[in-house]
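Chemist: Numbering (my numbering), first residue to last: 1 to 706.
(1) Does the beta-carbon of residue 390 have 16 or more other beta-carbons within 10 angstroms, so that it is buried, or is it exposed?
(2) Could you give the DSSP three-state label for residue 699: helix, strand or coil?
(3) Applying the criterion that 16 or more other CB atoms from any shown protein chain within 10 Å of the CB defines a buried residue, is residue 583 buried or exposed?
(4) Can you list, in chain order, the residues of its chain whose CB lies under 6 Å from that of residue 490, leaving out five sequence neighbours each side?
(5) Is residue 469 helix, strand or coil when you go by DSSP?
(6) With a 10 Å radius around its C-beta and 16 neighbouring C-beta atoms as the bar for buried, classify residue 427 as buried or exposed.
(7) How about residue 637 and residue 700: are their beta carbons less than 8 Å apart?
(8) I need the straight-line Cα distance from residue 645 to residue 470, nearest angstrom please.
(9) What does DSSP give as the partner residue(s) for residue 390 in the beta ladder?
(10) Out of 547, 9, 460, 467, state which residue places its alpha-carbon closest to the alpha-carbon of residue 419.
(11) What first and last residue would you give for the alpha helix (DSSP H) that runs through residue 46?
(12) From the DSSP output, read off the bridge partner residues of residue 673.
(13) Which whole-angstrom value is the C-beta distance of residue 8 and residue 27, which I expect to be below 8 Å?
(14) Mind checking whether residue 685 and residue 650 have CB atoms under 8 Å apart?
(15) Residue 382 to residue 424, Cα distance in whole Å?
(16) Does DSSP put residue 563 in a helix, a strand or coil?
(17) Based on Cα-Cα distance, which residue from 430, 79, 462, 662 lies nearest to residue 378?
(18) With residue 512 and residue 530 assumed to form a contact (beta carbons below 8 Å), what rounded beta-carbon distance in angstroms separates them?
(19) If you compare alpha carbons, which of 591, 655, 641, 647 is closest to residue 627?
(20) Run the CB neighbour count on residue 76, radius 10 Å, all protein chains shown included, and call it buried at 16 or more, exposed below.
(21) Drop a sphere of 10 angstroms on the beta-carbon of residue 715, count the other beta-carbons inside from all chains shown, and report buried for 16 or more, exposed for fewer.
(22) Using the three-state DSSP reduction, which class does residue 8 fall into: helix, strand or coil?
(23) Compare the beta carbon distance of residue 594 and residue 541 with 8 Å and say whether it is the shorter of the two.
(24) Could you work out which residue in 14, 48, 619, 648 is closest to residue 375 when comparing CA atoms only?
(25) Closest to residue 544 by CA distance: which of 652, 591, 19, 93 is it?
(26) With distances taken between CB atoms, is the gap from residue 641 to residue 599 smaller than 8 Å?
(27) Do you know offhand how far residue 416's Cα is from residue 518's?
(28) Identify the continuous beta strand (DSSP E) that holds residue 579 and give its terminal residues.
(29) Taking buried to mean at least 16 other C-beta atoms within 10 Å of its own C-beta, is residue 59 buried or exposed?
(30) Report yes if the C-beta distance between residue 460 and residue 452 is below 8 Å; otherwise report no.
(31) Between the Cα of residue 623 and the Cα atoms of 10, 578, 33, which residue gives the shortest distance?
(32) Could you give the distance in angstroms between the alpha-carbon of residue 41 and the alpha-carbon of residue 625?
(33) Need the endpoints of the beta strand (DSSP E) that residue 657 sits in, please.
(34) To the nearest angstrom, report how far apart residue 395 and residue 687 are at their CA atoms.
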């Protein structure tokens, strides 16, 4: 047995292996804590101004790691223990900012681990804030004002106003952050620091020398290693590179090359600012300016996948003057040289901007032209007793389609059927429990299949299964009602697989429709939101999972207008309400860039103020433009193609030009389409059609989409 003193010498992977075993867990966790204590505390102290708050967030981060091992779970990549802790700590800090209470409910798990004093925030943070005007960041702001801020949602625009322009009062920041004025005042430093850090990281890379292979390799390795949490490490590693490289920071040429490199890496540098919300928007910009250069699938030769000197990887942190100098002083020369390059990028983006592609409010219109060729029949038709809405889901690679089926027309039992999308042949089948099964979803990594089942006993049961074996990995019993629930209306994962949103329709008018959000990694509830007097038919996460759209109607019995509530998925609070045409919103989807929300509503009775239609909502102005008439189902592809179920056919739309580019027909005429879904790569479209009242004549059709 390794002695306690010897544990401190073990690499992270071996410590994790010991923590995963019950008999050695306590000693291993103590060693992990002692190794990462100061780094986690220092990180939390730099994110949250109040020491007490930082202490709670750091404490909760270690508690969550402990609970992970106590629950019998493992780490897929033990060598990334530092990155794992960094991610947890960052989530805890953000949860506190958004009204959570880190530390509560977990303290018992770490009573034996005594936390030390929280250090003061790093001097580099305040130094950077004091020196930002000297660094020329005002020019960066001007670029951001034209290229970035107009596409942010109003809440983030307010945060930007306060954090960067500093022109709003504390009350306005409190409203933007949904905090009390006192808490907003305490966190103003944090908000400003995060924003400036993000801008600095972006400008820092722009200031590098384009043909410096080492710098390029550092960024490429970081992108491959961890696209979510690497940014702070990348900033420090590039800074270290500038301190030692004789070439970087001195180049007077290579402007066009730098502009391309900055544009290429922007999708992974900017998520630091608003937790991933800008990622899809910048990727869309890259497509528009024609830079499709792919990043390598492996790090460049000679660059380790996880460089040994990065903070959080279990090795000693840099010490001495080089590590403690003001960040503003270290970056002044490189940043000043990077400003012209950023402006070059801004000019390039402006010159290549799309016309009419921002979905600005306009008069309701129908397509001015239809450029579609002849109707396209499906390449593959799957026949079975299909059931439910929201009942189609593609795997991550698009090779497998999950459907909900019944073995007979009675619908007395249900199962999840997997299909090979290339051959159309059925694969594994998993039996489900409970009545009213009507929702299925793949996790983003393709390893888990989630399904929902209603129960007359008053509970809604969601089951998580291994996608390769069908073995049940967890069961979530939730959403109770006095008279039970009819069905699991929808289940959807967030973009990174961390959040799982579920909705259920009440069993009668006395039972509230409800939406719940769960942490898919810990299988613990995040928030519950009942909708009294409203009907819920679908939910959808926006890019970066910063917003959850909930579609339905104002009345449980469909008396009133269609409605979409935009929720904060971590608190359940409504940030905006959209009133649509028709009585009920049956389907909704975000565009890949997050700028547009598409809703599909139908008229159920004469109480609807206007007929149902497909509407395009500008997420910045919250105003809508009508695209076409009523439709039961819609879907957005990753290529920005909108599919609309038009009766018994499907129209593919270009939402920028508002034209139909293709019309897809079903194998049998007259079948109503109830569900649409694109494969993740946008190359395959699946549609379920058939009777909406009885089983037996349903089909799932597959088309290849160019």
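We put the CB at the ideal spot given by N, CA and C, even for glycine.
Modeler: A quick look at the data gives this:
(1) buried
(2) strand
(3) buried
(4) 390, 439, 503, 538, 539
(5) coil
(6) exposed
(7) no
(8) 31 Å
(9) DSSP lists no partner for residue 390.
(10) 467
(11) 25-47
(12) 689
(13) So it is not a contact: roughly 11 Å between Cβ atoms.
(14) yes
(15) 6 Å
(16) strand
(17) 662
(18) 4 Å
(19) 655
(20) exposed
(21) Beyond the ends of the chain as shown, which are 1 and 706, falls residue 715; an answer cannot be given.
(22) coil
(23) no
(24) 648
(25) 591
(26) no
(27) 22 Å
(28) 574-580
(29) buried
(30) yes
(31) 578
(32) 49 Å
(33) From DSSP, residue 657 is part of no beta strand (DSSP E); its letter is neither H nor E.
(34) 15 Å
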